[in-house]
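Residue numbers (this note's numbering), protein chains in the order written: chain R, -8 to 782; chain A, 27 to 432; chain V, 4 to 282.
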């Protein structure tokens, strides 16, 4: 048998059903008598509802706020941070709508098409209100208000100052205004919900493609006022999450209510227009940032005002403030410096709520700080990597508590940078830049270093005070009578490959062939409680829980095995799926068979827990693992059309012990593709009346095969000191660094023209505008000089 | 309902469907073949790609009835297909899938690349696969898997078939069945009856109360007519006459207290919209300026528009000449607005406004020229008809005023 | 995202189509490969009472090869042209451009006539067919008429179809041995809507030289006598005599004011000319 344990690139167990079209996503579920739901949604961003007119013959197929008011409560996701203003997200809007796409009425029919026909027949009279469409204007005193009762449009303001003024005498001070566009997470499968009241179980069964089934049960229980024994959440195969499926939806509550009321199964499958115009967004950050440095490139301090456009409502469970508040704590990145000040605002606007997307606030933060590191390098006349090496936290400082008290557990950051540089020939690239390209394009090199706190636990989240605080992560390990092993976890695998990697963890301890280990997940009925899949936590937390449960199970297996081998437990060990004693061995299958089928062969003293264990796990410290990486982008910019081509891309990362290196590579490749989307393609624009200007994938551009290069990938494996096997969370990292690396590369390419781009995505238009603006600046400054320069 | 007959995965199937049923829904909802996934339903993402008459086809934008009697092969029907079997092994080996949602369409397109391309470069494969989006893998494993299968097959002496074995002309799925005549004219089967004009009390459908509203897009234009200022000023008092210059616009009656009900019909290619609503009229005799602010709603598309016509009338350079300064602005909200290609909307708006100004000029000149009766004017905005009827140069000039969305 | 319900007809002759679309008591839309109409139907941007499927008509799925030109039926697909199931008379221009339209699965159903009639300014056929000097033949109650491709698009999404008319075929002239052509489109990603298109064809033996700038916000800009801006086509490299300033002026006259738009469109044409083939 080829190696299957921790560290082996085992092919995935889940592949075959997907490759044959036998996956079961929520849209594939068929229940007898199931009917379809379509919603009447607000076409306006901000308006009062004056009247809803339903044609009388359709009245029984349409449900509005007044129909459900008695049985439901709005979604309320508070944060315990001081000053947070809560928002109530109505299940169906009444009085007012605060975003395009907000639910107004639920229409049910035999098919989706017919439900849409009914929705089209419902008329809503609005009194349009001025839309709050821009988070910076939203903070002005004359702005319209999303939530009038607040008096302003700020969910939360935070402030931190650590010895800032000590940096003010630094010889170098650089200020930039930097921003990242609003994005849609756009998993290939949208959301969807199927709900049915199960009469025998006296229970609402709600199938919803979700990363956090147990959290959905919490939220649904609160919104439907229904005890949790009466709710079962099933998250079947899920076509990508990335954060988009880490939320309790008003649609979930509606469908749950409808199933309880009407007695037949109902389903709603989000279509792409709903996804793009009504579903949650992510990423919209704005930074006014100043760095202070010495002439040798040593960073003295960072001062920043950051705003996040949090949209109209605080989403359950992460709340509207997670992103902005996180900026304050992680902006320092992997750098060691003494002075820091940061003020953040989570701003409410008439747009859909934002959710934490892969990398959460780190992508924006990394973009901002990495552009500034390059600015310092340019100012000091140093290579960008030299400035990084001067400021990166050093291996001898580990474990290291940084300026915001983040506990870096381990790692050698400068080494990742050196290894990444070794994969390109910087000197040759600089020479090529000087020489110029025959086709007139401009070459640029950019780099970006980040750290990613993953699997952070109770102490961190208790501080946020949001509806969800992770505690011990539990797993169940249970032998079947024929010697198979079931692993049950409350988190969810939707591309992360846990159906393969968690059996690898169990195999490492128990030696059972992974073909005989099955992961059970995505069902509150069958799995222990978990806050779910988010925050690069599953390898650490679910992996740790499975390891712990497997070790406990190993003790039980060995106990029975020792009895069967007529020896003491101290004399046996587990090897290749068998309990081996001093003179003979017994296979685990036989041990399972004995426990379940031949109990008469067991002594009275046998451990009564049998062959089933549920146990919780927490790392020795719950402040999170710190994975990190260096990304280097080499680009060619076409100054005439503004096109950017990625001609080389390097990633050197440290994820600690990798459970399955092939799977980790896949996560990095996929994260990189999304990071390239952020850097160059994806943008959810709104006009001044709050209309989203992308309702199709022809408007909202996702990178395709020709837009994403195959990067050069390098791994370091510095074991995490506090986790099982030394594993670190790595799932989100690929998406964090690309905007910073590509942004720096583009600006490096544009430097001879005096142009720079400080906003994502770096579209051809933005590149050309930057070149044009630089040309105008040059002309204004020295008209005669400008003549000689390339246009 | 219509009977749809297809040959799906080698078996003849028949079902009663509404003509609006696209092929993917037919397979998923009628045949329970859920391996065909819907990712966008507008033909971009590729998740729904399957084989129709042997060639890859988007099943979300292909109607089932348009494929009458065709051979349809879904991912479920490729279990024993040789190339697909090799691709499955390669996708697993190269980790070419994660969540699995794009996978069926990805495999169908990959099979086509393996079948048709003899010796593609990595770049060629990427271009050929660019109609299938994956959000998980970054395409690395997918491309390697395809490269591997091609190398292996060519190594075994199996050559590519560039035309994919298709010899027939025309859209995949077409040409297999006989003619279908439409059911005799009948009321629509929609649960939703189409909007009855009488039902919609237009005035309440929209509101003009928001005084801070500013148009998304504004055009300004001036022209001079040879007619006394007072007469021109009086002309603008006749809201019906002004509305008549706006192609497609009509009023339900005379204004009462400065309010009037009306509608504007617009047709652009296959899209037609009918915005019903109200207009508010204000005039200031002292400054000889006025505004007409309108708001209307199109029930079909659940879209709304607001528009503003501002005018200032002042003496021209010569005696008995009048200069008219126009500001025309609009905002569009709802489904029709939610696209990034605002240039298309701008093109249409520019054309409407060009005609409006042309009509105003014609009408005023006609009056000033002492003409009898009403001059011939463009009455309904049918973009095509208009373009045929207008001097193209005029439109080109009009388009030059276009301002981008502010 | 499901269409409104509609009635469906699949006639087997053009005459029957003309009769059906003449019915102005209801909204009737013609459909060929449905690759543009399908999304608009799903989005309910188009809400017809009757869809007339043209793909059942044998005449529209054929081509006929003449001495000076080839006639391509309206329902011939991009893939049919790409795969050379239709004889190429354009020295590779049409098959090459067809290969770059959207994606293969779309090309297997998308049709030349449907694309022209949909009249999206970003579509490839308008630009390349205008460059090679193709014409469309429209048949209606009053018989047939022929329109130059560049005149067929009257504006964004608007084709010059009179009531009761249907596009039946596209007539493409046979280019001579001396002909060269070039095509360049600027997209943010493969298969995406083009943001600028340059197309040109020079055929010294026939005394024709045409340049087209496409993917404007409206109809393509055609320079019917391109010798002013690209020379007579006999230079070893036609781009040597390219006059970007003159092209910019033509674009400005056509209403393109934004300097960056102008820059990218001029560049697209210049690159089309630089890439002229056969080299």
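Idealized CB from N, CA, C, for every residue including glycine.
- Secondary structure at residue 463 of chain R: coil, using DSSP grouped into helix, strand and coil.
- Note on residue 220 of chain R: under 16 other CB atoms within 10 angstroms of its CB, so exposed under the neighbour-count rule.
- With respect to the 8 Å criterion, residue 291 of chain R and residue 278 of chain R are not classified as neighbours on the basis of their beta carbons.
- Taking a Cβ-Cβ cut-off of 8 Å, residue 691 of chain R has no neighbours in chain V, whose nearest Cβ is about 11 Å from it.
- Per the Cβ contact rule, the segment 424 to 440 of chain R is not in contact with the segment 575 to 593 of chain R (fewer than 3 Cβ pairs under 8 Å).
- In the DSSP assignment, residue 497 of chain R falls within the alpha helix (DSSP H) that extends over 489 to 501.
- The beta-bridge partner set that DSSP reports for residue 130 of chain V is empty.
- When only Cα atoms are considered, residue 149 of chain R and residue 158 of chain R end up about 21 Å apart.
- Judged by their CB atoms, residue 286 of chain R and residue 162 of chain R are nearer to each other than the 8 Å cut-off.
- In the DSSP secondary-structure assignment, residue 352 of chain A is bridged to A:247 and A:337.
- In the DSSP annotation of this structure, the continuous segment of the beta strand (DSSP E) that includes residue 140 of chain V starts and ends at 138 to 143.
- The Cβ of residue 356 of chain A sits no closer than 8 Å to any Cβ of chain V.
- Within chain A, the residues placing a beta-carbon under 9 Å from that of residue 58 of chain V are 92, 196, 197, 199, 200 and 201, ordered along the chain.
- In the structure shown, residue 364 of chain R adopts helical secondary structure according to DSSP, grouped into three states.
- Listed in chain order, the positions of the segment 150 to 165 of chain R with a beta carbon within less than 9 Å of a beta carbon of chain A would be empty, since no residue qualifies.
- Out of R:488, R:204 and R:502, the CA that lies nearest to the CA of residue -5 of chain R is found in R:502.
- Among the residues facing chain R, residue 267 of chain V is included, as its CB has a counterpart in that chain under 8 Å away.
- Residue contact check for residue 68 of chain A against chain V: a CB pair falls below 8 Å.
- When secondary structure is reduced to three states using DSSP, residue 9 of chain R falls in the helix class.
- Beta-carbon to beta-carbon, residue 565 of chain R and residue 549 of chain R are separated by about 6 Å, close enough to satisfy the 8 Å threshold.
- Put simply, the CB of residue 69 of chain V is far from chain A, with every gap to its CB atoms at 8 Å or more.
- The C-alpha of residue 698 of chain R is placed about 51 Å away from the C-alpha of residue 268 of chain A.
- A residue is called buried when at least 16 other Cβ atoms come within 10 angstroms of its Cβ; residue 262 of chain V does not meet this threshold and is exposed.
- Contact annotation for residue 141 of chain V against chain A: no contact, minimum CB-CB distance about 13 Å [criterion: below 9 Å].
- For residue 176 of chain V, the enclosing beta strand (DSSP E) has its first and last residue at 169 to 176.
- Measuring C-alpha to C-alpha distances from residue 175 of chain R to each of R:226, R:144, R:235 and R:201 identifies R:235 as the nearest.
- Annotation for residue 391 of chain R: 327, 384, 398 and 399 place their beta carbon closer than 8 Å to its own, counting only its chain and skipping 5 residues before and after.
- Distance between residue 179 of chain R and residue 267 of chain V, taken at the CA atoms: about 33 Å.
- Residue 34 of chain V carries a strand assignment under DSSP once its states are collapsed to helix, strand and coil.
- The beta carbon of residue 246 of chain V sits closer than 6 Å to the beta carbons of 232 from its chain, once the five residues preceding and following it are set aside; these are given in chain order.
- In this structure residue 121 of chain A is buried. Its beta-carbon is surrounded by 16 or more other beta-carbon atoms within 10 angstroms.
- Nearest in C-alpha terms to residue 149 of chain V, of all of V:122, V:168 and V:8, is V:168.
- Under a criterion of Cβ atoms nearer than 9 Å, no residue of chain A is adjacent to residue 494 of chain R; the nearest Cβ is some 16 Å distant.
- Around the beta carbon of residue 190 of chain R, fewer than 16 other beta carbons lie within 10 angstroms, which makes this residue exposed.
- Residue pairing for residue 80 of chain R: DSSP places it in a beta bridge opposite R:66.
- Residue 308 of chain A and residue 138 of chain R have their C-alpha atoms some 33 Å from each other.
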